[in-house]
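K.L.:
Can you keep this structure in mind? I'll have questions shortly.
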Amino acid sequence: MSSDPRLARWLHELVSTPGLTGIRDPALAWRVHVEESLRAVDSVRQFPGAVVDVGSGGGSPGLPLAACLPEREIVLLESSKRKAAFLERVARDFANVRVVRGRAEEQPLETYGVAVARALAPPVVALEWCLPLVACGGAAILFVGSSTDLAGLARAAEKLGGASPEFSSGLAVVRKVAPTPPGFPRRPGMARKRPLA
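Residue numbers (the numbering used here): 3 to 199.
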């Protein structure tokens, strides 16, 4: 993976484009944006179907996952016009990547096998944006910190048709076990304003 020239080109663009990452050191950027992203590979492999990177920003974890999982369709979902334009440019290197500009709350429900999110929002908020996009039998995979409210995340998962989260290596995996209940995700802005837990 360290020899993949596509990832090297993407990282060069990422660190040299203002407003996408505060990291300027290439070695640190590799660790943070590539190695950290690849922690999700084994979890993603457990669930078939297309993968959506919700709030993709500069392209992680979506682009590293696309490099490692060439057989899977990876959709980079980003609401910012400027960031989406950046993603369109760098994604040309990856045959299995598609960029969609829009908000998670406005996307077709239960379309993907997996939704991933990293540094998007507090986990409870990110889960409300991610899990409705996933079909039953799939999962939302969130990158979480040690201070995550595990009980709150479990309550939110239950309201959204998810099983209790499984935690491993800084990831929360929430399996979709029931259809998204009516009314979710709530209209734009509500998940942040009134978190489910």
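All C-beta atoms, glycine included, are put in the ideal place defined by N, C-alpha and C.
Predicted model, so just to flag it, every value in this text is computed and none were measured.
Measure the Cβ-Cβ separation of Ser200 and Val175 and say whether it is below 7 Å.
P.N.:
This structure gives no information on residue 200, because the portion of the chain shown stretches from 3 to 199.
K.L.:
For Arg100, which three-state DSSP category applies?
P.N.:
Arg100 falls in the strand class under three-state DSSP.
K.L.:
Note the first and the last residue of the continuous alpha helix (DSSP H) segment covering Ser81.
P.N.:
Counting along the chain, Ser81 falls outside any alpha helix (DSSP H), and DSSP gives it neither H nor E.
K.L.:
Mapping the DSSP letters down to three states, classify Ala180 as helix, strand or coil.
P.N.:
Looking at Ala180 - three-state DSSP - the assignment turns out to be coil, as it is neither helix nor strand.
K.L.:
Could you check which residue in Arg84, Arg189 and Ala156 has the C-alpha nearest to that of Phe169?
P.N.:
The option with the nearest alpha carbon to Phe169 is Ala156.
K.L.:
Leaving aside the five residues before and after Thr150 along the sequence, list all residues of the same chain whose C-beta is less than 6 Å from its C-beta, in chain order.
P.N.:
Cβ neighbours of Thr150 beyond the five flanking positions: Pro125.
K.L.:
For the region 67-77 and the region 90-109, state whether three or more C-beta atom pairs, one from each stretch, are separated by less than 8 Å.
P.N.:
As far as the Cβ criterion goes, the region 67-77 touches the region 90-109, which means the pair count is three or higher.
K.L.:
Do Leu152 and Leu133 have their CB atoms nearer than 7 Å?
P.N.:
The answer is no: Cβ separation not under 7 Å.
K.L.:
What residues in its chain sit with their C-beta under 8 Å from that of Leu173, if we drop five residues either side in the sequence?
P.N.:
Excluding sequence neighbours, Leu173 sits near Arg41, Ala42, Ser45, Ile143, Leu144, Phe145 and Val146.
K.L.:
Looking at C-beta atoms only, is the number of pairs between the region 85-92 and the region 54-67 that lie closer than 8 Å three or more?
P.N.:
Flag = yes, the region 85-92 and the region 54-67 touch.
K.L.:
How many Å lie between Arg2 and Lys178 at the Cα?
P.N.:
The question about residue 2 has no answer, for the chain in this structure spans 3 to 199.
K.L.:
Assuming Glu107 contacts Pro181 under a Cβ cut-off of 8 Å, what Cβ separation, rounded to an integer in Å, is found between them?
P.N.:
Glu107 to Pro181, Cβ: 17 Å. No contact.
K.L.:
Find out if the Cβ-Cβ distance for the pair Gly115, Phe49 is shorter than 7 Å.
P.N.:
Their beta carbons are under 7 Å apart, which means Gly115 touches Phe49 by this criterion.
K.L.:
If you draw a straight line from the alpha carbon of Ser166 to that of Ala52, how long is it in whole angstroms?
P.N.:
Their Cα atoms are separated by approximately 22 Å.
K.L.:
Just to confirm the assignment, what range does the alpha helix (DSSP H) spanning Val43 have?
P.N.:
From DSSP, the alpha helix (DSSP H) with Val43 extends over Val43 to Arg47.
K.L.:
Can you tell which of Leu129, Leu111, Ala158 and Gly154 has its C-alpha closest to the C-alpha of Ala137?
P.N.:
Ala137 has its Cα closest to that of Leu111, out of Leu129, Leu111, Ala158 and Gly154.
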